[in-house]
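Read the structure below first, then the notes.
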Amino acid sequence: MISNQIHYKKGISLIELIVTAGLFVIISGLMMVMIVRSFNSYRFSKQTIDAQERAASAMREFEKNTRGATQILASSPDELTFYAYLLDDRQPAPSRVRYYCDNGNLMKGVIHAVGNGPIFEYPLDQEFFKVVAKDVVNGETLFKYYNDASVEIGNPVPVDAVRMIQFTISIDENITAPPEAITEITSVNLRNLKTNL
68 MISNQIHYKK
78 GISLIELIVT
88 AGLFVIISGL
98 MMVMIVRSFN
108 SYRFSKQTID
118 AQERAASAMR
128 EFEKNTRGAT
138 QILASSPDEL
148 TFYAYLLDDR
158 QPAPSRVRYY
168 CDNGNLMKGV
178 IHAVGNGPIF
188 EYPLDQEFFK
198 VVAKDVVNGE
208 TLFKYYNDAS
218 VEIGNPVPVD
228 AVRMIQFTIS
238 IDENITAPPE
248 AITEITSVNL
258 RNLKTNL
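All residue numbers in the sequence shown are consecutive under the working numbering, ending with 264.
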């Protein structure tokens, strides 16, 4: 007896294939979003930690150099110049130290004393420069000055009244994108200039 039954081969239908491909695309998309978010989170964390380390390093250097200042020469919100004894001084006289911002870089300029004394000279053409921190975004408001009573001194700042300096640094690698700027603040008492001990 001849059978009239038709046997169908088992397989995947076109609808099943489309549904499977759609699910694969959705899952792949979700995985990509998670990977991108993880990468951005890592990048933001790394930028934040890097900015914090740079700001802290700038603070330490500033504190070390200004704490022993013997005389303030210039005091404005964007520039500070003073005499201080540094470890690499070659004369028995202080060096002339200047902090300022130039194109987003916190700079330190140093002129070592020259001459035989008792009067020493500080030739401006012998100033050497060091980048203390990059990506500084508050270059016009770095310094605030205080008198013996810890009262802020208004501008113009009389250099003979300065007894404490507040230094603020904000670092941001890209001001148009996250993460936010990192800001560090320190205050330095000028121990050699204190008169209210």
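A virtual CB, placed ideally from N, CA and C, is assigned to each residue, including glycine.
Predicted model only: the values in this text are computed from it and were never measured.
Item, Value
"Within the stretch 135-161, ranges of the beta strand (DSSP E) (whole runs, at least 3 residues)", "136-143, 146-151"
"DSSP state of N256 mapped onto helix, strand, coil", "strand"
"Run of the alpha helix (DSSP H) containing I94, from where it starts to where it stops", "81-133"
"Residues near L264 in its chain [Cβ-Cβ closer than 8 Å; skip 5 each side]", "Confidence is the limiting factor: at L264 the pLDDT is only 49, short of 50, which leaves the residue's position unreliable, though a coordinate-based value still follows. Cβ within range, chain order: n/a, list empty."
"Per DSSP, cross-strand counterpart(s) of N172", "D169"
"Contact check, L257 vs V226, beta carbons under 8 Å", "no"
"Beta carbon of R134 nearer than 8 Å to that of V218", "no"
"A228 - DSSP class collapsed to helix/strand/coil", "helix"
"Nearest-angstrom Cα separation, counted from Y213 out to I231", "Residue 231 is actually Met in this sequence, not Ile. Each residue's alpha carbon lies about 5 Å from the other."
"Test item: CB-CB of L153 and S162 under 8 Å", "yes"
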